[in-house]
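Just so you know, the sequences run in chain order E and P.
The opening residue of the first sequence carries number 3 in my numbering; numbering runs sequentially from there.
The opening residue of the second sequence carries number 18 in my numbering; numbering runs sequentially from there.
No residue lacks a Cβ here, since even glycine has one placed at the ideal position from N, Cα and C.
Just so you know, these numbers come straight off a predicted model, no measurement behind them.
Single-structure report; data block below.
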Amino acid sequence: QKEVEQNSGPLSVPEGAIASLNCTYSDRGSQSFFWYRQYSGKSPELIMFIYSNGDKEDGRFTAQLNKASQYVSLLIRDSQPSDSATYLCAVNNGQNFVFGPGTRLSVLP
Amino acid sequence: GAVVSQHPSWVICKSGTSVKIECRSLDFQATTMFWYRQFPKQSLMLMATSNEGSKATYEQGVEKDKFLINHASLTLSTLTVTSAHPEDSSFYICSARSQNEGRYLGPQHFGDGTRLSIL
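Here it is, written out as structure tokens:
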């Protein structure tokens, strides 16, 4: 089992819809969770981080963490074509910072 | 805040040349920096973890004599690709971990990357 798993996509949503990106991790001791956005040919950009169970909102983005089920998700409300990118989930278990393979999101105008 | 500057953005050079890439944390001190390589349409691949004042820790399969890493200060790490060959052509990205939030480790912040092309 890979340490951090994501559906590779592509996930296609129409403009204005909610995009839901999911990530599961294997190390129960993981404490810190991060979402990054990477446009094609560019480096990753931090969107959000979450440490505690529950929801954390920042503008159109909401991160959700459920440590018991070992998953973290990212919701993007009112999706825009400019949100089209690869979204990377990253998990820090205190020793290693592990990235998932990323989910490619395509927002259709 | 948490800006990481990487230089140069592009390098094109002849086979056999050594290339140095700099990674600076501009507004925070980073005891730990990371170097990644990414090939087109592939995932980030961690090459090494760089700790200030100590030797870098290389991932399995990464030649430490080929990819020299120096982390001489809390704001600067360098990666030198020695005697570069066409197969070393890739997108190299550095990151720096910002301060912890209480007991939680801080996020990594990435530089803009360096696109290396070896002819």
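If you draw a straight line from the alpha carbon of residue i to that of residue j, how long is it in whole angstroms?
i: P46 (chain E); j: F36 (chain E); result: 11 Å
i: Y41 (chain E); j: S42 (chain P); result: 22 Å
i: S86 (chain E); j: L77 (chain E); result: 14 Å
i: S106 (chain P); j: R30 (chain E); result: 37 Å
i: S32 (chain P); j: I20 (chain E); result: 48 Å
i: E104 (chain P); j: T131 (chain P); result: 15 Å
i: N9 (chain E); j: Y53 (chain P); result: 22 Å
i: L91 (chain P); j: G70 (chain P); result: 9 Å
i: T105 (chain E); j: G11 (chain E); result: 5 Å
i: T64 (chain E); j: D82 (chain P); result: 43 Å
i: G120 (chain P); j: Q33 (chain E); result: According to the sequence shown, residue 120 (chain P) is Arg rather than Gly. Rounded to the nearest angstrom, the two C-alpha atoms are 9 Å apart.
i: P111 (chain E); j: P16 (chain E); result: 6 Å
i: T88 (chain E); j: Y38 (chain E); result: 8 Å
i: N94 (chain E); j: K72 (chain P); result: 22 Å
i: C111 (chain P); j: T66 (chain P); result: 10 Å
i: K44 (chain E); j: D129 (chain P); result: 7 Å
i: S75 (chain E); j: L23 (chain E); result: 5 Å
i: M50 (chain E); j: V79 (chain P); result: 30 Å
Quick one: grab the DSSP three-state call for residue i.
i: P103 (chain P); result: helix
i: N87 (chain P); result: strand
i: F56 (chain P); result: coil
i: A21 (chain E); result: strand
i: A113 (chain P); result: strand
i: Q97 (chain E); result: coil
i: N9 (chain E); result: coil
i: T34 (chain P); result: coil
i: E69 (chain P); result: coil
i: Q125 (chain P); result: strand
i: S28 (chain E); result: coil
i: Q23 (chain P); result: strand
i: R120 (chain P); result: coil
i: F45 (chain P); result: coil
i: E76 (chain P); result: coil
i: T97 (chain P); result: strand
i: L136 (chain P); result: coil
i: T92 (chain P); result: coil
i: L61 (chain P); result: coil
i: P115 (chain E); result: The requested residue 115 (chain E) does not occur in the structure, where chain E is confined to residues 3 to 111.
Looking only at its own chain, which residues have a Cβ that is under 8 Å from the Cβ of residue i, when we skip the five neighbours before and after it?
i: S35 (chain P); result: T97, V98, T99, S100, A101
Residues in its own chain within less than 6 Å of residue i by CB, not counting five upstream and five downstream?
i: N87 (chain P); result: T95
i: G18 (chain P); result: D44
i: Q116 (chain P); result: G123
i: V69 (chain E); result: A small correction: the amino acid at residue 69 (chain E) is Lys; Val does not occupy that position in the sequence shown. So the qualifying residues of the chain are N55.
i: K58 (chain E); result: I52, A65
i: E5 (chain E); result: S28, V100
Using a Cβ-Cβ cut-off of 7 Å (strictly less than) and excluding sequence neighbours within five positions of residue i, which residues of its own chain qualify?
i: G61 (chain E); result: none
i: I135 (chain P); result: C30, S32, A101, H102, P103, D105, S106
i: H24 (chain P); result: E39
For the stretch 94-109 of chain P, which residues have a beta carbon sitting closer than 9 Å to at least one beta carbon of chain E? F108
Give the list of continuous beta strand (DSSP E) stretches no shorter than 3 residues that lie fully inside the stretch 34-92 of chain E. 34-40, 47-52, 56-60, 63-68, 73-78
Chain-ordered residues of the stretch 11-29 of chain E with a beta carbon less than 7 Å from chain P: none
Interfacial residues, the stretch 47-67 of chain E to chain P, with Cβ spacing under 8 Å: E47, L48, F51, Y53
Could you run through the stretch 120-131 of chain P and flag, in chain order, every residue whose CB is less than 9 Å away from some CB of chain E? R120, Y121, L122, G123, P124, Q125, H126, F127, G128, D129, G130
Near-chain P residues of the stretch 97-109 of chain E (beta-carbon distance less than 7 Å), N- to C-terminal order: F99, F101, P103, G104
Give me the subset of the stretch 36-66 of chain P whose CB atoms are less than 7 Å from a CB atom of chain E, sorted by chain position. S60, L61
Against chain P, which members of the stretch 78-97 of chain E pass a CB distance test of less than 8 Å? L90, A92, N94, G96
Return the residues of the stretch 32-47 of chain E that lie within a Cβ-Cβ distance of less than 9 Å from chain P, sorted by chain order. Q33, S34, F36, Y38, Q40, S42, G43, K44, S45, P46, E47
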